[in-house]
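What follows is a short report on a single structure.
Protein chains: 2
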Amino acid sequence: MSLPHAILTALLEKPSSGLELTRRFDRSIGYFWSATHQQIYRELGRLEREGLIRALPSEQPARGQRKSYEVLPAGRAELSRWTAASQDPKPLRDTLLLRLRAAAVIGTAGLEDDLRRHLQLHERQLAEYREIERRDFPPGSDSAQDRLHHLILRAGIDLETFWTRWLRHALEEFADLPDGS
Amino acid sequence: MSLPHAILTALLEKPSSGLELTRRFDRSIGYFWSATHQQIYRELGRLEREGLIRALPSEQPARGQRKSYEVLPAGRAELSRWTAASQDPKPLRDTLLLRLRAAAVIGTAGLEDDLRRHLQLHERQLAEYREIERRDFPPGSDSAQDRLHHLILRAGIDLETFWTRWLRHALEEFADLPDGS
DNA sequence: AATGCCATGTAACCGGTTACATGATTTA
DNA sequence: TAAATCATGTAACCGGTTACATGGCATT
């Protein structure tokens, strides 16, 4: 029950067509809530049927024609409700940790290479976040919006920092392990 | 495609019935791969049909009778294959960050309380992990199994540490924000 | 006219979630 | 013997994933 609210947020930031939303879900919002174009079109249909958004009247709608949407008051209200509502954090769910647990039983053969690969990926993501921070949040940014966006980015940076540190630590342990096991 | 491998790992650690597995998925393995009893029974059925596990021949099977399972060689082979196979990390997906992004557009009203609640929950989880570390991994633990299990636990501890720090930082920012927005 | 890309969709599947059902065993 | 609990399941749903379809537009 989060995709509709992700879309409402994106449309409030800027009214968009399905494809534009899809592009934006490959960046910014997509960094912590990804979605494919199929999901997005399906959800846009639902939100319109429920009266939370509407197609901008400018253009005639047809297959292969751009349709832009904007948020209606009911949509804004629903987003406010959802944002303020108490929600439990989702329990951790991570296959890499699961594979380590399996390796403790059947041996670590083949795992080390993928740990190194993950380290690289996380380092790359961390560098990308840091570049965004440098570009979009120079020291002394001010508005409430900026501060909140920066806070979100900080979570991404700190998370990737955790992973890179932990993976380096894991690789050290591996180097130290009795061979093959 | 991870639940079957979580179950294979658990069964290799110790042959178990469905209910015993369910209990163990509330602790240990469940800390990073949770599962309900419905999932577990469905998956046990599949794994048995596919010849990766078998019911221990000791007892007659009947509804309401315990059935214990053990892993067959084919199951162990599949777990080895899966563990060594290269897998991409899943992109981050977090509703709390999404709610912050929404709050940047519609205002932060009501969010602060839930941030405080999340902070408490993460502090509690962190304390639980630390207690496990104190109990199960006294300084100078040695076997490869222990080192791997400790490594996994460390990931949990570091992740919860990240969340508690970040949430405290977020609450400071909130205290500093122009009122109501 | 054919090719390829842009834009919007439909359909089938799959794993996780929630609600409910049923048989066996223990306890009041 | 009724109620509670243990143990194993079935069924319906829901969101995310993958594969495929279709109409319009631009280029060659």
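Chains as they are written, first to last, in the UniProt record's numbering: chain A, 1 to 181; chain B, 1 to 181. Using N, Cα and C, we set each Cβ at its ideal position, and we do this for glycine too.
Can you check whether the C-beta of Tyr69(B) is within less than 8 Å of a C-beta belonging to chain A?
With 8 Å as the cut-off, Tyr69(B) does not count as an interface residue toward chain A.
With a threshold of 16 other CB atoms inside 10 Å of the CB of Leu151(B), please say whether the residue is buried or exposed.
Here Leu151(B) is buried. Its C-beta has 16 or more other C-beta atoms within 10 Å.
Looking only at its own chain, which residues have a Cβ that is under 7 Å from the Cβ of Arg101(B), when we skip the five neighbours before and after it?
Excluding residues within five positions, none has a Cβ falling inside 7 Å.
Spatial distance of Pro89(B) from Thr108(B) (CA atoms):
Answer to the nearest angstrom: the Cα atoms are 31 Å apart.
Go ahead and label Leu8(B) buried or exposed: buried means 16 or more other beta carbons lie within 10 angstroms of its beta carbon, across all protein chains shown.
Counting Cβ neighbours within 10 Å, Leu8(B) comes out buried, since at least 16 surround it.
Can you look up residue 205(B) in the DSSP assignment and give me helix, strand or coil?
Any property of residue 205(B) remains undetermined from this structure, which presents chain B solely from 1 to 181.
Given that a residue counts as buried once 16 or more other Cβ atoms are within 10 Å of its Cβ, and exposed if not, what is Pro61(B)?
Bear in mind that a pLDDT of 45 at Pro61(B), under 50, signals an unreliable position, so the model cannot answer this.
Let's test the definition: count the other Cβ atoms within 10 Å of the Cβ of Leu98(A) and tell me whether it reaches 16, buried, or not, exposed.
Residue environment: Leu98(A) is assigned as buried (16 or more neighbouring CB atoms within 10 Å of its CB, all protein chains considered).
Just the C-alpha distance for Pro178(B) and Leu171(A), rounded to the nearest angstrom, thanks.
Rounded to whole angstroms, Pro178(B) and Leu171(A) show a C-alpha spacing of 45 Å.
Measure the CB-CB distance between Ile106(B) and Leu126(B) and report whether it falls below 8 Å.
With contacts defined as CB atoms closer than 8 Å, Ile106(B) and Leu126(B) fail to qualify as a contacting pair.
Nearest to Ser28(B) (by Cα), restricted to the options Asp114(B), Ser17(B) and Glu13(B):
Taking only the C-alpha atoms, the option nearest Ser28(B) is Glu13(B).
Determine, using beta carbons only, whether Arg134(A) comes closer than 8 Å to chain B.
It does not; no Cβ of chain B falls within 8 Å.
Ala74(A) and Leu148(B): beta carbons closer than 8 Å?
Not in contact: Ala74(A) and Leu148(B) (Cβ atoms no closer than 8 Å).
Same chain, Cβ closer than 6 Å to Glu43(A), neighbours up to 5 away in sequence not counted:
Scanning its chain for C-beta atoms nearer than 6 Å, with the 5 sequence neighbours on each side dropped, one finds around Glu43(A) the residues Leu3, Pro4 and Ile7, in chain order.
Tell me the residue span of the alpha helix (DSSP H) that contains Glu128(B).
Unbroken alpha helix (DSSP H) run through Glu128(B): Leu111 to Asp136.
Bridge partners of Ala55(A), per DSSP?
Per DSSP, the beta-bridge partners of Ala55(A) are Tyr69(A).
With a 10 Å radius around its C-beta and 16 neighbouring C-beta atoms as the bar for buried, classify Gly18(A) as buried or exposed.
Gly18(A) is buried by the Cβ-count criterion.
Output needed for Glu70(B): all residues of its chain with C-beta closer than 7 Å, excluding positions within five of it in sequence on either side, in chain order.
Cβ within range, chain order: Leu11, Pro15, Ile53, Arg54 and Leu56.
May I have the straight-line CA-CA distance separating Met1(B) from Ala84(B), to the nearest angstrom?
Taking the straight line joining both Cα atoms gives about 14 Å.
Please check if any C-beta of chain B sits within less than 8 Å of the C-beta of Ala35(A).
Cβ-Cβ to chain B under 8 Å: no for Ala35(A).
What number of angstroms, rounded off, separates the C-alpha of Asp66(B) from the C-alpha of Glu50(B)?
The identity of residue 66(B) in the sequence shown is Arg, whereas the question assumes Asp. The C-alpha of Arg66(B) lies about 21 Å from the C-alpha of Glu50(B).
Cβ neighbour criterion (16 or more within 10 Å) applied to Thr95(A):
Sixteen is the threshold: when 16 or more other Cβ atoms of the shown chains lie within 10 Å of the Cβ of Thr95(A), as they do, the residue is buried.
Since His122(A) and Glu160(A) are thought to touch, with beta carbons under 8 Å apart, how far apart are those beta carbons, to the nearest angstrom?
Rounded, the Cβ-Cβ distance is 5 Å, consistent with contact.
Evaluate His37(B) with the Cβ neighbour count: other Cβ atoms within 10 Å of its Cβ, from every protein chain shown; 16 or more gives buried, anything less gives exposed.
By the beta-carbon neighbour count (other beta carbons within 10 angstroms, threshold 16), His37(B) is exposed.
Alpha-carbon spacing of Thr22(A) relative to Asp114(A), whole angstroms:
About 30 Å.
Going along chain B, which residues have a C-beta under 9 Å from Gly75(A)?
Those do not exist, as Gly75(A) stays about 10 Å from chain B at its closest Cβ, beyond 9 Å.
Give me whichever residues DSSP pairs with Arg17(B) in a beta bridge.
Here the sequence assigns Ser to residue 17(B), which means Arg is not the residue at that position. The secondary-structure analysis by DSSP pairs Ser17(B) across a beta bridge with Ser68(B).
Can you find a C-beta in chain A that's less than 8 Å from the C-beta of Glu173(B)?
Interface residue, yes.
Out of curiosity, what's the CA-to-CA distance linking Leu92(B) and Phe32(A)?
Leu92(B) and Phe32(A): Cα-Cα distance of roughly 5 Å.
Between the CA atoms of Asp136(B) and Gly30(B) - distance to the nearest angstrom:
Near 17 Å, if we compare the C-alpha coordinates of Asp136(B) and Gly30(B).
State the DSSP-derived secondary structure class of Arg97(B), mapped to helix, strand or coil.
The amino acid occupying residue 97(B) in the given sequence is Leu; Arg does not appear at that position. Of the three classes helix, strand and coil, the one that applies to Leu97(B) here is helix, per DSSP.
What residue range is occupied by the uninterrupted alpha helix (DSSP H) comprising Gly45(A)?
From DSSP, the alpha helix (DSSP H) with Gly45(A) extends over His37 to Arg49.
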